[in-house]
Each structure stands twice: as structure tokens, then as C-alpha cells.
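Following the UniProt record's numbering, the numbering of the sequence shown begins with 1 at its first residue and continues without gaps.
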Amino acid sequence: MANEQGSAVEVRVERGCISSGICVEIAPESFELVGVRARPRLPLADSPEARSALQEAVEACPVEAILVLPAAPDAP
């Protein structure tokens with residue numbers, strides 16, 4: 001997935017995730033619940049709608065456990 005500037009990004013869910021499911025509800029194409037926490041679906045959907053939903057999920061996470069970071073240089 002790329003950010004609004006076209007740069008590739010990586011999405012992580014930190015250990016602080018409490019499995020509220022808000023991210024899955026807001027952005028089901030980007031997240032799934034597995035065990036005791038959410039995780040990004042791979043490959044991430046890369047459409048304007050998916051990017052918007054991802055940002056909304058990041059902002060809605062009650063424990064701020066979702067990180068959107070620049071992708072590693074060797075990442076596709």
C-alpha cells in the first residue's frame with residue numbers, strides 16, 4: 001500500500017492491541033482478528049477508499065496500537 005504521497009507503507013499492530021475489533025469494523029479489507037489481537041491483511045488493499053479506511057482505523061484505535069510506517073527499502 002502507498003500513502004497519499006505515493007510512498008510505500010508498512011502497517012503494524014503493536015502488542016498493546018486489546019482486540020476491540022474497531023479496526024476490522026472500519027477497515028475489513030486491511031485488518032483481521034487473529035487470536036488475541038488484530039493483524040494487517042496482506043497484501044494490503046491499495047485504493048483511495050482502503051487508504052482512507054486505514055487512516056480512520058488508526059485514529060479510532062482506543063489504545064493507539066496501529067502504526068503506519070514507511071516500508072523498508074526492499075519491500076515491494
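For every residue, glycine included, the Cβ atom is placed at its ideal position computed from N, Cα and C.
Going by DSSP in three states, A60 sits in which element: helix, strand or coil?
Here residue 60 corresponds to residue number 60 of the sequence shown, with the count starting at 1. Looking at A60 - three-state DSSP - the assignment turns out to be helix.
Determine the contact status of S19 and A45, defining contact as a CB-CB distance below 8 angstroms.
Your numbering for residue 19 matches position 19 in the sequence shown. Your numbering for residue 45 matches position 45 in the sequence shown. Cβ atoms of S19 and A45: not closer than 8 angstroms.
Tell me whether P48 sits in a helix, a strand or coil according to DSSP, three-state version.
The residue you call residue 48 lines up with position 48 of the sequence shown. It is helical.
In whole angstroms, what is the alpha-carbon distance linking R41 and E64?
Translated into positions along the sequence shown, residue 41 becomes position 41. Translated into positions along the sequence shown, residue 64 becomes position 64. Cα to Cα, R41 sits roughly 18 angstroms from E64.
Option in E49, S30, E14 with minimal Cα separation from P43
Within the sequence shown, numbered from 1, the residue matching residue 43 stands at position 43. The candidate whose alpha carbon is nearest that of P43 is S30.
Mind checking which residues open and close the beta strand (DSSP E) that includes E14?
One-based indexing of the sequence shown puts residue 14 at position 14. Here E14 belongs to no beta strand (DSSP E), and DSSP marks it neither H nor E.
Using a 10 Å radius around the Cβ and a threshold of 16 neighbouring Cβ atoms, would you call R12 buried or exposed?
For the purposes of this step, residue 12 is identified with residue 12 of the sequence shown, where counting begins at 1. In the assembly as shown, R12 is an exposed residue. Its beta-carbon has fewer than 16 other beta-carbons within 10 Å.
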